[in-house]
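Before any comments, here is the structure.
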Amino acid sequence: MKIDEGNFKGVWILGEQRETIISPVSYELLTWGRELADKRGTILASVILGYNIKEKVESLIHYGADIVYVVDHPDLQHFAPDVHSNILEKLVQEFMPEIFIASATTYGRTVMPLLASKIETGLTADCTGLDIEKDTGLLIQTRPAIGGNIMASIITPKHRPQMATVRPKSRRPLPKDESRKGKIVLKEYPDELYISKVKFIEFIKDETAALPIQDADVIVSGGKGLKDAKNFKMLYELAELLNGAVGASRQAVDMGWIPYSHQVGLSGKTVSPRLYIAVGISGAVQHLAGMSSSQTIVAINIDPEAPIFKVCDFGIVGDALEILPLFIEKVKKINT
Ligand SMILES: Cc1cc2nc3c(=O)[nH]c(=O)nc-3n(C[C@H](O)[C@H](O)[C@H](O)COP(=O)(O)OP(=O)(O)OC[C@H]3O[C@@H](n4cnc5c(N)ncnc54)[C@H](O)[C@@H]3O)c2cc1C
Numbered sequence: 002m003k004i005d006e007g008n009f010k011g012v013w014i015l016g017e018q019r020e021t022i023i024s025p026v027s028y029e030l031l032t033w034g035r036e037l038a039d040k041r042g043t044i045l046a047s048v049i050l051g052y053n054i055k056e057k058v059e060s061l062i063h064y065g066a067d068i069v070y071v072v073d074h075p076d077l078q079h080f081a082p083d084v085h086s087n088i089l090e091k092l093v094q095e096f097m098p099e100i101f102i103a104s105a106t107t108y109g110r111t112v113m114p115l116l117a118s119k120i121e122t123g124l125t126a127d128c129t130g131l132d133i134e135k136d137t138g139l140l141i142q143t144r145p146a147i148g149g150n151i152m153a154s155i156i157t158p159k160h161r162p163q164m165a166t167v168r169p170k171s172r173r174p175l176p177k178d179e180s181r182k183g184k185i186v187l188k189e190y191p192d193e194l195y196i197s198k199v200k201f202i203e204f205i206k207d208e209t210a211a212l213p214i215q216d217a218d219v220i221v222s223g224g225k226g227l228k229d230a231k232n233f234k235m236l237y238e239l240a241e242l243l244n245g246a247v248g249a250s251r252q253a254v255d256m257g258w259i260p261y262s263h264q265v266g267l268s269g270k271t272v273s274p275r276l277y278i279a280v281g282i283s284g285a286v287q288h289l290a291g292m293s294s295s296q297t298i299v300a301i302n303i304d305p306e307a308p309i310f311k312v313c314d315f316g317i318v319g320d321a322l323e324i325l326p327l328f329i330e331k332v333k334k335i336n337t
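The structure is reproduced here in structure tokens:
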């Protein structure tokens, strides 16, 4: 949609739910959305599509939305990209938000490009930062480009809404405020919008995966300073004692000490646990990009000048191979 085709206003986030439970990424998006809406001096709305969800969307208001647009229909029980993008297209055409953001989850990555092409606007995928440009009020969409070697700031000056997806876990939800008031708007659409080319057969849950690092409350992460793959055993032991998961720097992954699925950082996962313990990790910007929003950061490094000490809450200068066994013993004692 061209900028002069209407009076675009408001910031929208795309809420997500699974089996009628609102997904935490929706609340993280509200943190981004609230900040952008406040900077623009406008309202923040959440859109959410599903079946049997209309009684459950109040929490989106408690986490920052002023309005929730809900579409509740049996044909929205399972995700069909064509149906979801049809409905979102109608909503956007009716309410004309100036900004519309989603999470870079499978859902957001699938439905947002479809929507952007239908309504003829731009979309920046997988952003690590979003902000409002002071002079123009435009959405600045920041993401790594050219293999992660530069950070590109992208704008959408001529089309609306300005659309972006942001990495899950790149922000924490705002504190829940059950006294917040907002409006819930239930929308209905004609049957033809629900006709899909996709036939749902079965949903098979992955029961085998261990705790993925993005979902862990505690992450014990290792880098090149661990010297050898066998020393990661200590990280696994510590992580298990703390009910957490093991992360790694790219150097550790490149060395073949641990699989890529554990890599934290620009070209790995973004995490935001309550506790992040960085062991033998220098704190390169590309690593920090994936973990700096962790609540508490502990660093163990032999070099007192290591950049990780500039971002950590607690720093231990020393040899990780000597400190880790003592750390493990201490935690064992506390646990008994
Ligand atoms: C495009 C691009 C994308 C990238 N993406 C990522 C990414 O996603 N994630 C990522 O991590 N990196 C990424 N990198 C790589 C990044 O630049 C760093 O090279 C990497 O993070 C360094 O890993 P490290 O801290 O394990 O190793 P180093 O930088 O070599 O640091 C090792 C640290 O261990 C300490 N040490 C040594 N011995 C001990 C000891 N006995 N006890 C305690 N400490 C010790 C040293 O003092 C040092 O600080 C990327 C780079 C590029 C160019």
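Final position of the sequence shown in the working numbering is 337; the numbers increase by one with none missing.
Heads up, the beta-carbon is just placed ideally off N, CA and C, and yes, glycines get one too.
Could you tell me the alpha carbon to alpha carbon distance between Gly7 and Ala105, rounded to whole angstroms? Counting from one through the sequence shown, the residue named residue 7 turns up at place 6. Counting from one through the sequence shown, the residue named residue 105 turns up at place 104. Computed Cα separation, rounded: 28 Å.
Measuring only from the beta carbon, is Leu311 closer than 7 Å to any heavy atom that is part of ligand 1? Looking up residue 311 in the sequence shown gives position 310. Looking at the sequence provided, one finds Lys at residue 311 rather than Leu. No.
DSSP beta-bridge partners for Asn302? Here residue 302 refers to the residue found at position 301 of the sequence shown. Answer by DSSP bridge pairing, in chain order: Val318.
Once DSSP output is grouped into helix, strand and coil, what is the label at Ile44? Residue numbering aside, residue 44 sits at position 43 when the sequence shown is read from its first letter. In this structure, Ile44 counts as coil in the three-state DSSP scheme.
Is the Cβ-Cβ distance between Ala46 and Tyr70 less than 8 Å? What you label residue 46 is simply residue 45 of the sequence shown in a count that begins at 1. What you label residue 70 is simply residue 69 of the sequence shown in a count that begins at 1. Yes. Within cutoff.
Tell me the DSSP secondary structure of Ala126 in three-state form. As a working mapping, residue 126 is identified with position 125 in the sequence shown. Here Ala126 sits in strand by DSSP.
Three or more C-beta pairs below 8 Å linking the region 48 to 55 and the region 172 to 184: no
Cβ pair count under 8 Å reaching 3, the region 232 to 239 against the region 313 to 328: yes
Please confirm whether any heavy atom of ligand 1 lies closer than 7 Å to the CB of Leu322. Mapped onto the sequence shown, residue 322 falls at position 321. Leu322 Cβ: within cutoff of ligand 1.
Sorry if obvious, but does the Cβ on His263 come closer than 7 Å to a heavy atom of ligand 1? Stepping through the sequence shown from its first residue, residue 263 is reached at position 262. No, the beta carbon of His263 sits no closer than 7 Å to any heavy atom of ligand 1.
Give me, in chain order, the residues of the same chain whose beta-carbon lies closer than 8 Å to that of Thr209; leave out the 5 immediate sequence neighbours on both sides. In the sequence shown, residue 209 corresponds to position 208, counting from 1. Note that Thr209 has pLDDT 48, beneath the 50 cutoff, so the model's placement of it is unreliable and the number below is only indicative. So no residue of the chain qualifies.
Cutting at 8 Å between CB atoms, please list the residues of its own chain near Arg173, excluding the five before and the five after it. Numbered from 1 along the sequence shown, position 172 holds the residue referred to as residue 173. So the list reads Glu29, Thr32, Ser273, Ser294 and Gln296, once near-sequence residues are dropped.
For the candidate residues Thr21, Ile68, Val58 and Glu36, whose alpha-carbon lies nearest to that of Gln78? Here residue 78 refers to the residue found at position 77 when the sequence shown is read from its first residue. Looking at the Cα atoms, Thr21 is the closest of the given residues.
From what residue to what residue does the alpha helix (DSSP H) around Lys234 run? Here residue 234 refers to the residue found at position 233 of the sequence shown. Looking at the DSSP string, the run of the alpha helix (DSSP H) that includes Lys234 is Phe233 to Leu242.
Going by DSSP, what residues sit across from Arg19 in a beta bridge? Taking the first residue of the sequence shown as 1, we reach residue 19 at position 18. BP columns for Arg19 point to Ile22.
Using CA atoms only, rank isn't needed, just tell me which of Lys200, Ile282 and Glu134 is closest to Asp76. On the sequence shown, position 75 is the one that residue 76 refers to. It is Lys200 whose Cα lies nearest to the Cα of Asp76.
Return the first residue and the last residue of the beta strand (DSSP E) that Phe101 is part of. What you label residue 101 is simply residue 100 of the sequence shown in a count that begins at 1. Residues Ile100 to Ser104.
State the beta-bridge partners of Phe248 as determined by DSSP. To locate residue 248, count along the sequence shown from 1; it is residue 247. It is Gly, not Phe, that sits at residue 248 in the sequence shown. Bridge partners of Gly248: Ser222.
Should Val58 be labelled buried (16 or more other beta-carbon atoms within 10 Å of its own) or exposed? Mapped onto the sequence shown, residue 58 falls at position 57. Classification of Val58: buried, given that the 10 Å Cβ count is 16 or more.
Considering only C-alpha positions, which residue in the set Phe310, Glu306 and Met292 is nearest to Ala300? What you label residue 300 is simply residue 299 of the sequence shown in a count that begins at 1. Here the closest residue by C-alpha is Phe310.
For Glu17, is the classification buried or exposed, using 16 other Cβ atoms within 10 angstroms of its Cβ as the cut-off for buried? Indexing the sequence shown from 1 puts residue 17 at position 16. Flag for Glu17 reads buried.
CB Leu348 to CB Lys40, shorter than 8 Å? Not covered by the structure: residue 348. The range shown for the chain is 2 to 337.
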